[in-house]
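Take a look at the structure set out below.
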Amino acid sequence: MMLRFVRKTHFAEVSIIVISGEDLIDYRTRIEKFLQNNGLDMDARIAKFVVAMNDYDANIVACAGLDGNIVKCVCVDQTYRGSELSLVIGTELVKQAFQDGHDDLFLYTKEKNKQRFNGWGFSPLVVTKGGVTFMEYNKRKLENYLQSLRSKRTSGTRVGSIVMNANPFTKGHRYLVERAAAECDCVHVFMVKEDVSFFRYKDRFRLVKDGLQDLSNVILHPGSDYIVSHATFPQYFIKDKHQVNRQASAVDALMFRQYIAPALGISVRYVGSEPIDETTSMYNCVLKEYLELPMGSEPPVELREVKRLECCGSVISASRVRALMKSESIRPIEALVPKNTFVFIEKYLMTSQKQKEFL
Amino acid sequence: MNLIQKGIAGTLESSDILVIINPQAGGGVQLSLQSKVEKQFGATIRRVIVEKLEALGVTDVVVDVKDQGALDCVIAARVQAAVYRAAGVDKVNYEVLS
Chain H
379 MMLRFVRKTH FAEVSIIVIS GEDLIDYRTR IEKFLQNNGL DMDARIAKFV
429 VAMNDYDANI VACAGLDGNI VKCVCVDQTY RGSELSLVIG TELVKQAFQD
479 GHDDLFLYTK EKNKQRFNGW GFSPLVVTKG GVTFMEYNKR KLENYLQSLR
529 SKRTSGTRVG SIVMNANPFT KGHRYLVERA AAECDCVHVF MVKEDVSFFR
579 YKDRFRLVKD GLQDLSNVIL HPGSDYIVSH ATFPQYFIKD KHQVNRQASA
629 VDALMFRQYI APALGISVRY VGSEPIDETT SMYNCVLKEY LELPMGSEPP
679 VELREVKRLE CCGSVISASR VRALMKSESI RPIEALVPKN TFVFIEKYLM
729 TSQKQKEFL
Chain G
954 MNLIQKGIAG TLESSDILVI INPQAGGGVQ LSLQSKVEKQ FGATIRRVIV
1004 EKLEALGVTD VVVDVKDQGA LDCVIAARVQ AAVYRAAGVD KVNYEVLS
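Okay, structure coming up:
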């Protein structure tokens, strides 16, 4: 039984319940309807809902969802707005998240709702030009992270940076880092931490580490929640999907511009030019807009787009490597990736082949 | 008191305070406070929390506090409850509580 009655509220007729697991399947349509009535869309990734329900007619009067450590789909019925019901829901949501083992919580909201979530204990981190506000519950977490970055700060006037998923690490990645390392006094390379890619974070990280260890002015950083993390934009209050992506990219770019770059004294960020993938080329475009924005005392960060390395008539990309892996043509991969990565892929394909035979 | 897990007590509702306690070996007491009345009572709130932790013999802990204008006695009670939960104490003798 995942459905759990939590408590009564000051409203005699309202109870708070937590819904997750299989019960969520039963309740999903009801929650979706409630959200729709209030002009919001359901988010399919939410795994847990805190719901306030009227005991008499069993109507939902407020809800808030958790997708990992991101708060989504927060909504209170018209008749209960301005009451403390929002805070009751908020309390339960925060408790649930922390009991689930998360030590931090994030959310996106419109700037005009900032104050409301401030009451939930969230602090705003960045506000985009479109008014989208990114907030964090445990602000000390970001401060600790920046502190740890500052300890790796180096001297030098031209400090470069690259963010990569390296799924997997290719000669293209290597080329980009080499270019940056040649042009800068020091280059900070950040990994994308999220384990939603084909290769696991652990493996991606090791391959990058092996592949870059001979470059003495390159510092490799483990991934964090603050750089290209799964904290994607909840789709529910901006209908246009393109717009959604733009706004989410803007938050990511601003986090880098406002917090990470100043902590390390980064003056330039390198990206590979993106001729194929639309999302990435849009991301590059948003990055340029926000990184080069003048802002307070911190100097702007230059965005440097490096033309991608080509091999056999088209650019080298990790997705090309993965496509080759899928079709199990191992030989052409050798030209695209460094030796370490190739050995890893070979081993990987061999084990999965064995597993297939076994099945 | 020996803390073994996360401890949470209180709510975000008006006149209450939400205290989240995380044990942290050797880091001392790290307190982060967000309060509606930080300007007026921030120093007092911090003092009440730190004193309560001292009284309970808690030395290495990360304390995250969201205050919604709680009175001192409420603050102390919430901190105490969170510490007890973090220490895994489930039988509390209410007659000898300070």
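For the record, the sequence lines run as chains H and G.
So for the first sequence, our numbering puts the first residue at 379; every next one is plus one.
So for the second sequence, our numbering puts the first residue at 954; every next one is plus one.
Built from N, CA and C at the ideal position, the CB exists for glycine as well.
Test: residue i CB closer than 7 Å to a CB of chain G
{"i": "T469 of chain H", "result": "yes"}
{"i": "R494 of chain H", "result": "no"}
{"i": "G499 of chain H", "result": "yes"}
{"i": "L714 of chain H", "result": "no"}
{"i": "L465 of chain H", "result": "yes"}
{"i": "F476 of chain H", "result": "yes"}
{"i": "E462 of chain H", "result": "yes"}
{"i": "K473 of chain H", "result": "yes"}
Residue-chain proximity (residue i, chain H), Cβ-Cβ < 7 Å
{"i": "T997 of chain G", "result": "no"}
{"i": "L1006 of chain G", "result": "no"}
{"i": "I974 of chain G", "result": "no"}
{"i": "I1002 of chain G", "result": "no"}
{"i": "V1036 of chain G", "result": "no"}
Of the listed residues the options, nearest to residue i (C-alpha basis)
{"i": "E966 of chain G", "options": "H:R406, H:L524, H:E470", "result": "H:E470"}
{"i": "D445 of chain H", "options": "H:P716, H:R584, H:V428, H:T407", "result": "H:V428"}
{"i": "H599 of chain H", "options": "H:Y405, H:N543, H:I409, H:G691", "result": "H:N543"}
{"i": "S707 of chain H", "options": "H:I694, H:I723, H:V693, H:S695", "result": "H:I723"}
{"i": "S705 of chain H", "options": "H:D581, H:G691, H:Q731", "result": "H:Q731"}
{"i": "P710 of chain H", "options": "H:P716, H:K717, H:L702", "result": "H:L702"}
{"i": "L984 of chain G", "options": "H:L687, H:R635, H:K517", "result": "H:K517"}
{"i": "S529 of chain H", "options": "H:P653, H:P672, H:E683, H:G643", "result": "H:G643"}
{"i": "C443 of chain H", "options": "H:A560, H:S464, H:M633", "result": "Residue identity check: residue 443 of chain H is Gly in the sequence provided, not Cys. Nearest of H:A560, H:S464, H:M633 to G443 of chain H, Cα basis: H:S464."}
{"i": "Q591 of chain H", "options": "H:K580, H:E572, H:E556", "result": "H:E556"}
{"i": "A1008 of chain G", "options": "G:V1032, G:L1024, G:G963", "result": "G:V1032"}
{"i": "S461 of chain H", "options": "H:H480, H:V439, H:D482, H:Q477", "result": "H:V439"}
{"i": "D435 of chain H", "options": "H:Q456, H:S393, H:Q414", "result": "H:S393"}
{"i": "R647 of chain H", "options": "H:Y668, H:P653, H:T657", "result": "H:Y668"}
{"i": "F500 of chain H", "options": "H:A713, H:F484, H:I654", "result": "H:F484"}
{"i": "R582 of chain H", "options": "H:I597, H:G601, H:V565, H:H566", "result": "H:G601"}
{"i": "E1004 of chain G", "options": "G:L956, G:Q987, G:A1030, G:D1043", "result": "G:A1030"}
{"i": "G509 of chain H", "options": "H:V629, H:N718, H:S645", "result": "H:V629"}
{"i": "L632 of chain H", "options": "H:E656, H:S651, H:I605", "result": "H:I605"}
{"i": "L402 of chain H", "options": "H:L593, H:N416, H:T457, H:C441", "result": "H:C441"}
Within chain G, the residues that residue i reaches when beta carbons sit closer than 9 Å
{"i": "R518 of chain H", "result": "Q983, S985, V1015, D1017"}
Residue i, DSSP secondary structure in three states
{"i": "Y523 of chain H", "result": "helix"}
{"i": "E670 of chain H", "result": "coil"}
{"i": "A1029 of chain G", "result": "helix"}
{"i": "A1034 of chain G", "result": "helix"}
{"i": "Y579 of chain H", "result": "helix"}
{"i": "Y661 of chain H", "result": "helix"}
{"i": "S692 of chain H", "result": "strand"}
{"i": "P640 of chain H", "result": "helix"}
{"i": "N975 of chain G", "result": "strand"}
{"i": "P502 of chain H", "result": "strand"}
{"i": "T457 of chain H", "result": "helix"}
{"i": "V428 of chain H", "result": "strand"}
{"i": "Q987 of chain G", "result": "strand"}
{"i": "I616 of chain H", "result": "Unreliable placement is indicated for I616 of chain H, whose pLDDT of 40 sits below 50; the coordinate value is still reported in the next sentence. Note: I616 of chain H maps to coil in three-state DSSP."}
{"i": "F611 of chain H", "result": "Because F611 of chain H carries a pLDDT of 43, less than 50, the predicted location of this residue cannot be relied on, and no value is offered for it."}
Whole-Å CB distance - residue i paired with residue j, under 8 Å assumed
{"i": "K1071 of chain G", "j": "I974 of chain G", "result": "Residue 1071 of chain G lies beyond the stretch modelled for chain G, which goes from 954 to 1051, so this question has no answer here."}
{"i": "I395 of chain H", "j": "F383 of chain H", "result": "5 Å"}
{"i": "E400 of chain H", "j": "N432 of chain H", "result": "Actually they are not in contact, since the Cβ atoms of E400 of chain H and N432 of chain H sit about 23 Å apart, beyond 8 Å."}
{"i": "N447 of chain H", "j": "A475 of chain H", "result": "7 Å"}
{"i": "E680 of chain H", "j": "N662 of chain H", "result": "Contact flag wrong, Cβ pair sits at about 13 Å."}
{"i": "A558 of chain H", "j": "G538 of chain H", "result": "4 Å"}
{"i": "V649 of chain H", "j": "L671 of chain H", "result": "Wrong, their Cβ atoms sit about 17 Å apart, outside the cutoff."}
Per-residue contacts from residue i into chain H (C-beta, under 7 Å)
{"i": "S968 of chain G", "result": "Near S968 of chain G there are no residues of chain H at all, since even the closest Cβ is about 10 Å away, more than 7 Å."}
Partners in chain H for residue i, counting only beta-carbon separations shorter than 9 Å
{"i": "K959 of chain G", "result": "F476, Q477, G479, D481"}
{"i": "L956 of chain G", "result": "Near L956 of chain G there are no residues of chain H at all, since even the closest Cβ is about 15 Å away, more than 9 Å."}
Neighbouring residues, chain H, relative to residue i (Cβ below 8 Å)
{"i": "T964 of chain G", "result": "L465, V466, T469"}
{"i": "L1024 of chain G", "result": "By Cβ distance, chain H contributes nothing, its closest Cβ being about 17 Å from L1024 of chain G, past 8 Å."}
{"i": "L1009 of chain G", "result": "Residues of chain H passing the Cβ test: none, with the nearest at roughly 20 Å."}
C-beta neighbour in chain A for residue i, strict 7 Å
{"i": "S695 of chain H", "result": "Although the question refers to chain A, the structure presented lacks it and instead comprises the protein chains H and G."}
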